[in-house]
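Since the structure comes first, as structure tokens, the remarks are kept for the end.
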Amino acid sequence: MTQKLILLLAFICITTKISAQQNPQFTQYMYNMNVINPAYTTSDVDVLSLGLIHRIQWTGFKGPETSSVFAHKAINEKIELGLSYTRDQFNNFLSNNFASADFAYKINMNNSRVLSFGMKAGVNFYDFDPSGIILETPREERRDPAFDAIDKTFFNLGAGVYYNTDKFYLGLSVPNFLGSDINDDETVTGKQEIHTYLTSGYVFKLSDKFKLKPAFMTQYVEGAPLSLDVTGNVLYNDRLELGVGYRLDESISGLINIRVTPSLRIGYAYDHVTSDINVFTNASHEFILLYDLGLLFKKGYEKSPRFF
0 MTQKLILLLA FICITTKISA QQNPQFTQYM YNMNVINPAY TTSDVDVLSL
50 GLIHRIQWTG FKGPETSSVF AHKAINEKIE LGLSYTRDQF NNFLSNNFAS
100 ADFAYKINMN NSRVLSFGMK AGVNFYDFDP SGIILETPRE ERRDPAFDAI
150 DKTFFNLGAG VYYNTDKFYL GLSVPNFLGS DINDDETVTG KQEIHTYLTS
200 GYVFKLSDKF KLKPAFMTQY VEGAPLSLDV TGNVLYNDRL ELGVGYRLDE
250 SISGLINIRV TPSLRIGYAY DHVTSDINVF TNASHEFILL YDLGLLFKKG
300 YEKSPRFF
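For the sequence shown, position 104 matches number 103 in numbering that gives the first Met the number 0, and the numbering has no gaps at all.
In structure tokens form, the structure reads like this:
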């Protein structure tokens with residue numbers, strides 16, 4: 000990799016990860032909402048919902064890559080708990096990892112309507128190691144001395160509200176109320192900014208076999224452009240889901256999700272980059288696996304699957 004490209008990647012990494020948005024973005028956001036909203040609930044007491052998502056951002060570069068594992072379980076008709084861990088790795092010199100625990104309180108209303116309030120507590124592990132940046136010249140390999148190593152731990156609190164029926168959902172959340180400075184004990188180099196999310200989606204029944212599932216997610220971070228994701232998925236026979244998505248000023252996407260068994264779903268998303276970075280790379284890939292422990296032998300599940 001040339002010196003120019005390494006410096007470009009370092010600049011992108013520092014300006015986007017440190018100064019603005021630290022939370023990773025996922026194209027298949029509708030399937031892992033508990034990562035950003037602690038009030039997200041499943042309403043199934045006898046089910047443990049598990050998930051794994053992995054994103055390869057900007058193919059052709061050695062990074063960034065993001066992985067997230069998550070689980071949530073209703074304890075009773077009113078209380079649900081969740082856990083999540085996300086690793087956001089940019090090449091071998093920058094990582095931002097965070098683990099969190101969620102608590103949600105559900106108010107069951109009439110006609111299958113549920114209003115939930117959630118709290119999130121977590122910890123972020125931020126590590127910047129400039130020794131991983133190697134600049135190559137025709138005569139030598141040398142390490143860039145321009146930056147000092149940073150290894151910081153931040154504690155975070157978040158909250159959210161989530162309303163859903165069997166066909167509609169609406170969520171508002173702030174997963175990190177506590178903003179923190181990122182510094183090397185002498186100079187402030189960035190800040191963990193507060194993120195605000197608004198999500199919503201609806202399921203339209205087109206026929207006995209086809210359903211239309213439009214959804215959107217907005218993300219607001221002070222000092223960064225407003226992020227907007229819009230998707231439109233078509234669900235066939237409650238098993239096969241195909242869709243397209245658009246991220247404002249960044250990418251267009253294609254999505255597929257398959258319900259392999261009543262318990263298991265797998266999905267894939269391809270992002271075609273439309274921003275200025277497409278002169279260096281034009282694609283991102285994202286994979287997701289969802290498993291509902293306890294559903295495999297649950298009678299009647301085929302008649303009432305979850306749509307989000």
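Using N, Cα and C, we set each Cβ at its ideal position, and we do this for glycine too.
Beta strand (DSSP E) segment containing residue i, residue limits
i	result
R246	L239 to R246
I35	Taken as a continuous stretch (DSSP letters only), I35 belongs to no beta strand (DSSP E), as it is neither H nor E.
K166	Counting along the chain, K166 falls outside any beta strand (DSSP E), and DSSP gives it neither H nor E.
E79	I78 to F89
F92	Counting along the chain, F92 falls outside any beta strand (DSSP E), and DSSP gives it neither H nor E.
L49	L47 to I55
I74	It is not in any beta strand (DSSP E) - I74 carries neither H nor E in the DSSP assignment.
F286	A282 to L292
D228	S226 to Y235
T198	H194 to Y201
G222	Neither: G222 is in no beta strand (DSSP E) and is coded neither H nor E.
G59	Segment: none, G59 is in no beta strand (DSSP E) and carries neither H nor E.
Cβ-Cβ distance between residue i and residue j below 8 Å
i	j	result
L247	S226	yes
Y28	M216	yes
S67	S48	no
M32	G170	yes
T386	A268	Beyond the ends of the chain as shown, which are 0 and 307, falls residue 386; an answer cannot be given.
D165	S111	yes
D228	G244	yes
D101	H71	yes
K210	V202	yes
F307	G200	yes
A120	L80	no
E64	I78	no
Y290	S252	no
G293	Y30	no
V173	S115	no
G117	A158	yes
I52	I257	no
Outcome for residue i when other beta-carbon atoms lying within 10 angstroms are tallied against a minimum of 16
i	result
N109	exposed
P224	exposed
H271	exposed
F153	buried
E240	buried
Y235	exposed
G222	exposed
E76	exposed
F97	buried
G308	Residue 308 lies beyond the residue range present for the chain, which begins at 0 and ends at 307; the question has no answer from this structure.
K105	buried
I35	buried
T322	The first residue shown for the chain is 0 and the last is 307, placing residue 322 beyond what the model contains.
L254	buried
S274	exposed
K204	exposed
D150	exposed
For residue i, three-class secondary structure by DSSP
i	result
T110	Looking at the sequence itself, residue 110 is Asn, so the reference to Thr does not match. Here N110 sits in coil by DSSP.
V122	strand
I13	Bear in mind that the predicted position of I13 carries a pLDDT of just 44, short of 50, making it unreliable; the figure below should be weighed with that in mind. I13 falls in the helix class under three-state DSSP.
P213	strand
D275	helix
I5	The predicted position of I5 is uncertain, since its pLDDT is 47 and thus under 50; no value can be drawn from it.
Near the ligand GTP: residue i beta-carbon under 7 Å from a heavy atom
i	result
K119	Looking at this structure, you won't find the ligand GTP or any other ligand, since it has none at all.
Test: residue i CB closer than 8 Å to a CB of chain B
i	result
G253	The structure shown contains no chain B; it holds only a single protein chain.
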